[in-house]
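So the sequences go chain by chain: A and B. Per the numbering used here, the first sequence starts with residue 313, numbered consecutively. Per the numbering used here, the second sequence starts with residue 21, numbered consecutively. Cβ atoms here follow ideal geometry from the backbone N, Cα and C, with glycine treated the same way. None of the values given here were measured: they were computed from a predicted structure. Structure first, commentary second.
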Amino acid sequence: MLPKFTYSRPGSLVQVANLAARPGTRVHAGGTDLLGCLRDGVFGAESLVSLSGLSDLRGVTPTSGGGLRIGALTTIAEIAANDAISDRYPALAQAAASVASPQLRNQGTIGGNLCQKPRCWYYRGDFHCLRKGGDTCYAFDGENQYHCILGGDGCYIVHPSDTAPALAALGARVTAVSAGGRRTIAVEKLHVPPSTDPQRETALEPGEILTEVILPPPPSGLRSSYRKIRERASWDFAVVGVALALVFDGHTVTTANIFLSGAAPVPWRARQAEEVLNGSNLDGATVERAAHAAVADAEPLAHNAYKVPLFAGLIKEQLTTLGGGT
Amino acid sequence: MTDGGTPLGGSHARPDALAKVTGQTRYVGDIALPGMLHAAVAAADVSSARVGSVDTSRALEIPGVEAVMTAQDVPGANLIGVIFPDQPLLVEDRVRMVGDRFAVVAARSPEAAWRSATAVSAQLEPLAGVHDPVEALKAGADAVHDSGNLVHTFRVERGDIKKAEARATVVVEAEYRIGGQEHAYLEPQACLAIPEAGRVTVLASCQCPFYIQQGVARVLGLPLSAVRVEQAPTGGAFGGKEDYPSEPAACAALLAWRTRRPVRLLYPREHDLQATTKRHAMRVHHRWGADRAGRLRFAEVDVLLDAGAYAGLSTVVAERANASAIGPYDVAAVRVRTRVAYTNNLFGGAFRGFGAPQVTWAHEATMDRLARELGLHPVELRRRNVLGERRRVTSTGQRLPAPVMAKACLEKAVAASSAGQPARALPPGRWLHGTGTALVLYGCNLHHGGQHLDRSSAVVILQADGSAVVRVGLTEMGQGNLVAAQTVAATALGIDPVKVEVWQPDTTTVADSGPTVASRGAHASGLAILEAVRRLRRRLDPVAAELLGCEPSQVMLGGDAARVFGEPEQTIAMEQVVQEMVRRRIETIATGWYRSRRRRFDPATGLGSPYEFYAMACHVARVAVDPDLGLVRVEHVAAAHDVGKVLHRDALEGQIQGGIVQAMGWALTEELKLSRGRLLNPGFTDYLIPTSDDAPAISIALLEDAPGSGPFGSKGIGEPSFIPTAAAIRNAVCDAIGAEVDRLPLTPPVIVEAVAARHPFSFLLP
Numbered sequence: 313m314l315p316k317f318t319y320s321r322p323g324s325l326v327q328v329a330n331l332a333a334r335p336g337t338r339v340h341a342g343g344t345d346l347l348g349c350l351r352d353g354v355f356g357a358e359s360l361v362s363l364s365g366l367s368d369l370r371g372v373t374p375t376s377g378g379g380l381r382i383g384a385l386t387t388i389a390e391i392a393a394n395d396a397i398s399d400r401y402p403a404l405a406q407a408a409a410s411v412a413s414p415q416l417r418n419q420g421t422i423g424g425n426l427c428q429k430p431r432c433w434y435y436r437g438d439f440h441c442l443r444k445g446g447d448t449c450y451a452f453d454g455e456n457q458y459h460c461i462l463g464g465d466g467c468y469i470v471h472p473s474d475t476a477p478a479l480a481a482l483g484a485r486v487t488a489v490s491a492g493g494r495r496t497i498a499v500e501k502l503h504v505p506p507s508t509d510p511q512r513e514t515a516l517e518p519g520e521i522l523t524e525v526i527l528p529p530p531p532s533g534l535r536s537s538y539r540k541i542r543e544r545a546s547w548d549f550a551v552v553g554v555a556l557a558l559v560f561d562g563h564t565v566t567t568a569n570i571f572l573s574g575a576a577p578v579p580w581r582a583r584q585a586e587e588v589l590n591g592s593n594l595d596g597a598t599v600e601r602a603a604h605a606a607v608a609d610a611e612p613l614a615h616n617a618y619k620v621p622l623f624a625g626l627i628k629e630q631l632t633t634l635g636g637g638t
Numbered sequence: 021m022t023d024g025g026t027p028l029g030g031s032h033a034r035p036d037a038l039a040k041v042t043g044q045t046r047y048v049g050d051i052a053l054p055g056m057l058h059a060a061v062a063a064a065d066v067s068s069a070r071v072g073s074v075d076t077s078r079a080l081e082i083p084g085v086e087a088v089m090t091a092q093d094v095p096g097a098n099l100i101g102v103i104f105p106d107q108p109l110l111v112e113d114r115v116r117m118v119g120d121r122f123a124v125v126a127a128r129s130p131e132a133a134w135r136s137a138t139a140v141s142a143q144l145e146p147l148a149g150v151h152d153p154v155e156a157l158k159a160g161a162d163a164v165h166d167s168g169n170l171v172h173t174f175r176v177e178r179g180d181i182k183k184a185e186a187r188a189t190v191v192v193e194a195e196y197r198i199g200g201q202e203h204a205y206l207e208p209q210a211c212l213a214i215p216e217a218g219r220v221t222v223l224a225s226c227q228c229p230f231y232i233q234q235g236v237a238r239v240l241g242l243p244l245s246a247v248r249v250e251q252a253p254t255g256g257a258f259g260g261k262e263d264y265p266s267e268p269a270a271c272a273a274l275l276a277w278r279t280r281r282p283v284r285l286l287y288p289r290e291h292d293l294q295a296t297t298k299r300h301a302m303r304v305h306h307r308w309g310a311d312r313a314g315r316l317r318f319a320e321v322d323v324l325l326d327a328g329a330y331a332g333l334s335t336v337v338a339e340r341a342n343a344s345a346i347g348p349y350d351v352a353a354v355r356v357r358t359r360v361a362y363t364n365n366l367f368g369g370a371f372r373g374f375g376a377p378q379v380t381w382a383h384e385a386t387m388d389r390l391a392r393e394l395g396l397h398p399v400e401l402r403r404r405n406v407l408g409e410r411r412r413v414t415s416t417g418q419r420l421p422a423p424v425m426a427k428a429c430l431e432k433a434v435a436a437s438s439a440g441q442p443a444r445a446l447p448p449g450r451w452l453h454g455t456g457t458a459l460v461l462y463g464c465n466l467h468h469g470g471q472h473l474d475r476s477s478a479v480v481i482l483q484a485d486g487s488a489v490v491r492v493g494l495t496e497m498g499q500g501n502l503v504a505a506q507t508v509a510a511t512a513l514g515i516d517p518v519k520v521e522v523w524q525p526d527t528t529t530v531a532d533s534g535p536t537v538a539s540r541g542a543h544a545s546g547l548a549i550l551e552a553v554r555r556l557r558r559r560l561d562p563v564a565a566e567l568l569g570c571e572p573s574q575v576m577l578g579g580d581a582a583r584v585f586g587e588p589e590q591t592i593a594m595e596q597v598v599q600e601m602v603r604r605r606i607e608t609i610a611t612g613w614y615r616s617r618r619r620r621f622d623p624a625t626g627l628g629s630p631y632e633f634y635a636m637a638c639h640v641a642r643v644a645v646d647p648d649l650g651l652v653r654v655e656h657v658a659a660a661h662d663v664g665k666v667l668h669r670d671a672l673e674g675q676i677q678g679g680i681v682q683a684m685g686w687a688l689t690e691e692l693k694l695s696r697g698r699l700l701n702p703g704f705t706d707y708l709i710p711t712s713d714d715a716p717a718i719s720i721a722l723l724e725d726a727p728g729s730g731p732f733g734s735k736g737i738g739e740p741s742f743i744p745t746a747a748a749i750r751n752a753v754c755d756a757i758g759a760e761v762d763r764l765p766l767t768p769p770v771i772v773e774a775v776a777a778r779h780p781f782s783f784l785l786p
């Protein structure tokens, strides 16, 4: 049952930010995650403030610097279907196309997708876990088939977003606006690991609204991709996923950005794999070494060790596909 | 129209289809009555505890609450449970599973009701409980009930295993761990109870109105005649609305009785998933042997069912598992033991296939194992052992009449599989392809142990305009019983099916017809309708004969008219015949009754005729597996079914397609994640039923050579369409990866484990 809450839909960002700063208030964009969480009692809300009165927050437009601005209210479906995104940032288009189901992509927004609550059945279920202010992580000794193999620290969720690793790999930033002003945050720094604070998912402060995503202009020689492995063909989270953004100079990789989904409580940067690739050609041995390096530090739980070879297999498969023709 | 102008075997529009697809069907959730209250359930979230007291004071303070009732408020017997009286409707002194009810609440809004339910508190002394059926049967295990944890043991003992074993050159042994399944019907549990002085009407989404009638009468302490149950349009059931709906119905009736107001109980999806019955998880141990020529010599099977906290239908599910354990194979020496154990897990209930899919999965896995050991193709090993013209005796010693269709199904499905095309292209990857075959010998209708229920009632009322009203005791739940009953009645009366209106069952219009289960709907309703039409024709034919100027024995019905046999020109419209009956005040209503034939069976040895007759089927699955990514795609399923006679082609093929996709979900992705008896994934985000993107291409072959004893020679299809699919998929996956997999479902971790030995990244596994 949904709790009782008041609902407002201001016409200005300042009003939204002022309302959102009040305790007990939640920001409502597409609502595909928020309403489920409220209904299931994951958290409560006394009031909801809607972003839907802010038409500036919709749509995809070019930036003066040659990149793209994506308003926070742009739906996932719009991103998946956008030609500029598909042409220049295929990782993002592929990530958007693999989110949830057609219905959820039509309703869910890019801002909401970045600010999702974690995937964990203890967190989502009726367990007073560490993330909800309790003192234990039930997944650690429990059913943890879908939980993290990297970056767990007291809490072992996985971050559920497909678009976040793609955006992080592409070097995107988000703009956060509050009554006090605005700042930009790299998507890579947007998510908070449990070692910093197990009770929050993003670096946004109360009253800070994520208004847009800014993609830098694609460097020449950029190739990017996102693929996730899921148990069913649609409407399913990543068991393992990888976003790649590789800049090539001829056959040589000059810069490799690799972010994993389904791996960690935040979109996980596979630095060791990047180091293997930087300055290398994508020959078979390098690909194999990079795939191995990505999971070298994995610390699987009792029921999720299977993710380790799957990540290696997926990274190898995607590097091979992306390197085709070099 | 086919078959000489009758609808038999055709595909006329289903009578319920238009209203359902245009949203006009009124489900229980669409019905609100003046003054109606909303019910909710206060349920346990632990699986085992002693109960001190239940405190409802805070629940009663919630605004809008009209009644909160606990066990001591039950006017009749506080007992539910279809076969064994082991389940209190409301908790007394023990919690035995998550979902056990401390109290039920009625309030003016659903929100108030569920809020009040969460405010009910119980003083609990938690117990460890037992959550594994193997542990449950060990000495010293916590007893779920005072009677102990072993509910029942079934056996089949045939031939001399020792002697047969001496002639077996290859023996394989395996332990299969097969998971349960959620029904995932579209419409959750729903009912509405309407009280009147001294009696009550219940409208319920259900398969078995007569079970609800008995349950409500027992709980309220009323005579059966004072409880009227009408089946509401039912949005899917699959067995999940066989035994279970008696529980919510009794809760709603209890509250309606107390408040004297209509009370509606709709389960939110999460509660539905958390509290209702599931397909049984089973452990199946096999030791089978064959000789060098690939002939099966003996088969030993040990089955253990996790019944969960209450017996429910577990013993009858076990009875079918026990009788189905060997499959359609000729084996002279057979030993089967099937045990049912209580645990503190969610309780098992009826689910499409009723214990047969699990044991079929096991026997087909073992057949492939044996084939690999013998160096034979799995299809060839089946050819050498499957029941057929010369080998017609089943594992329980029942001799089948010719023709025996198992082998024909095998050949048809194998041929259709190699001709089939996948539904869609594969994404990039290192795809390995595999093909898997599975056969089923499906015992039609109820097992010998349940044959007292194998009966059915029908009423046919001719209308003055030549149309007909039909009432049956068996339910439409999406499977097509209405169109089957309509087709049978229209064929027998010789009228257009649109002139036959079949109405949903109501316990005041037909006699207790037993449950709509075991693929018996079309069979049992159809035969009762045919009997009613026969009785009607004893009155109709003489009138028609008089009008036609012939003998009553010469009257034929067809094309909305009565005709003279051999004189096709001589006809009179049905409408005129019935009007003449009305004018003469001749009774235009008749009842019909069906009961199954008696048969011999010895429960002690499991030998005899557990079923009256059988349907056979073969499914061949083609899969692609990417071992590096843990992915399985079912590309194509070929299904060949021994259906006896097609009543309605679209409904029949729809059942086969639905059975295949539902079984594919069970085979690959649907996993009940239980933590100390509590379901961790009570929602469709984490409990993964297939989507349309997952559905394989399907080819169907229907074999009509071996008539069953259903109407016009038909046989049930609901369950045989499900049973062999998961086994065929398992065998195809094993063929693709070159390794045995002994667990269901075949999720990525299971695939990774199976391929680990040869996987390039296997060194990464701890």
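Does DSSP classify B/GLY373 as helix, strand or coil?
-> It is coil, neither helix nor strand.
What span of residues does the alpha helix (DSSP H) with B/MET601 cover, start to end?
-> Note, B/MET601: alpha helix (DSSP H), 594–603.
With C-beta atoms as the reference, is A/ARG539 less than 9 angstroms away from A/GLU629?
-> Yes, the pair counts as a contact, with Cβ atoms nearer than the cut-off.
Figure out for me which residue from A/LEU404, A/THR375, A/LEU516 and A/ALA384 has the closest Cα to the Cα of A/GLY365.
-> In this structure, A/ALA384 is the residue among A/LEU404, A/THR375, A/LEU516 and A/ALA384 with its C-alpha nearest to the C-alpha of A/GLY365.
Would you mind working out which of A/TYR435, A/GLN584 and A/GLN327 sits nearest A/ILE521, comparing C-alpha positions?
-> The closest CA to that of A/ILE521, considering only A/TYR435, A/GLN584 and A/GLN327, is found on A/GLN327.
Name the chain A residues whose beta carbon is nearer than 7 angstroms to that of B/ARG135?
-> For B/ARG135, the chain A residues whose Cβ falls inside 7 angstroms of its Cβ are MET313, in order along the chain.
Are B/ILE299 and B/GLY368 closer than 9 angstroms when you measure CB to CB?
-> Note that residue 299 of chain B is Arg in the sequence shown, not Ile. Closer than 9 angstroms, so yes.
Counting along the chain, where does the alpha helix (DSSP H) carrying A/GLY336 start and finish?
-> Neither: A/GLY336 is in no alpha helix (DSSP H) and is coded neither H nor E.
Does the ligand NAP have even one heavy atom less than 8 angstroms from the beta-carbon of B/ILE709?
-> Because no ligand of any kind appears in the structure shown, any question about the ligand NAP cannot be addressed here.
Look at B/TYR330 and B/PHE104 and say whether their C-beta atoms are less than 9 angstroms apart.
-> Less than 9 angstroms divides the Cβ of B/TYR330 from the Cβ of B/PHE104.
Selection from B/TRP381, B/PRO265 and B/TRP308 that minimises the alpha carbon distance to B/PRO765 = It is B/TRP381 whose Cα lies nearest to the Cα of B/PRO765.
Taking any Cβ of chain B, which residues in the segment 388–413 of chain A have a Cβ under 8 angstroms from it, in chain order?
-> Cβ contacts with chain B come from SER413.
Does any residue of chain B bring its CB to less than 9 angstroms from the CB of A/TYR450?
-> Closer than 9 angstroms: yes.
Closer than 9 angstroms at the beta carbon, the chain B residues around A/PRO430 = Going along chain B, no residue has its Cβ under 9 angstroms from A/PRO430, so there is no contact; the nearest lies around 13 angstroms.
Pick helix, strand or coil for B/VAL154, following the three-state DSSP scheme.
-> B/VAL154 falls in the helix class under three-state DSSP.
Would a check of beta-carbon distances place B/GLY449 closer than 9 angstroms to chain A?
-> Interface criterion met: the Cβ of B/GLY449 is under 9 angstroms from a Cβ in chain A.
Can you grab the Cα-Cα spacing for the pair B/GLY119 / B/ALA295, in whole Å?
-> When rounded, the separation of the alpha-carbon atoms in B/GLY119 and B/ALA295 is 5 angstroms.
Near B/THR189, which residues of its chain fall below 6 angstroms by C-beta distance, leaving aside the five closest residues on each side in sequence?
-> Contacts found: ASP311 and ARG312.
Chain A beta carbons: is any one of them nearer than 9 angstroms to that of B/LYS183?
-> With 9 angstroms as the cut-off, B/LYS183 does not count as an interface residue toward chain A.
Does B/PHE781 get closer than 9 angstroms to chain A when you measure Cβ to Cβ?
-> For B/PHE781, at least one C-beta of chain A is nearer than 9 angstroms to its own C-beta.
Straight-line Cα distance separating B/SER782 from B/VAL150 | In a straight line, the C-alpha of B/VAL150 is about 35 angstroms away from that of B/SER782.
Are the C-beta of B/THR711 and some C-beta of chain A separated by less than 9 angstroms?
-> Judged by the 9 angstroms Cβ criterion, B/THR711 is in contact with chain A.
One or two residues paired with B/GLU250 in a DSSP bridge = B/GLU250 is bridged to B/LEU223 and B/ASP526.
Any idea what DSSP makes of B/TYR631, helix, strand or coil?
-> Three-state result, B/TYR631: coil.
Can you list, in chain order, the stretches of the beta strand (DSSP E) that have 3 or more residues and sit fully within the segment 626–704 of chain B?
-> Listed in chain order, the complete beta strand (DSSP E) runs (minimum 3 residues) inside the segment 626–704 of chain B are 634–646 and 651–662.
Assuming A/ALA403 and A/SER536 make a contact with CB atoms under 8 angstroms, what is their CB distance in whole Å?
-> With a contact defined as Cβ atoms closer than 8 angstroms, A/ALA403 and A/SER536 qualify at about 4 angstroms.
Please specify which runs of the beta strand (DSSP E), each continuous and at least 3 residues long, are wholly inside the segment 555–624 of chain A, giving them in chain order.
-> Counting only runs of 3 or more, we get 564–573.
Close Cβ partners of B/SER344 (< 6 angstroms) along its chain, the five nearest in sequence each way excluded = Taking C-beta separations shorter than 6 angstroms and ignoring five residues to either side along the sequence, the partners of B/SER344 in its chain run ALA376 and VAL379, following chain order.
Helix, strand or coil for A/ALA491 per DSSP?
-> Looking at A/ALA491 - three-state DSSP - the assignment turns out to be coil, as it is neither helix nor strand.
Near B/ARG617, what residues of its chain come up, given a Cβ to Cβ distance below 7 angstroms and the 5 sequence neighbours on each side ignored?
-> Result list for B/ARG617: GLU632, in chain order.
Identify every run of the alpha helix (DSSP H) within the segment 385–426 of chain B, keeping only runs that are complete inside it and at least 4 residues long; order them along the chain.
-> Segments of the alpha helix (DSSP H) lying fully in the segment 385–426 of chain B: 398–405.
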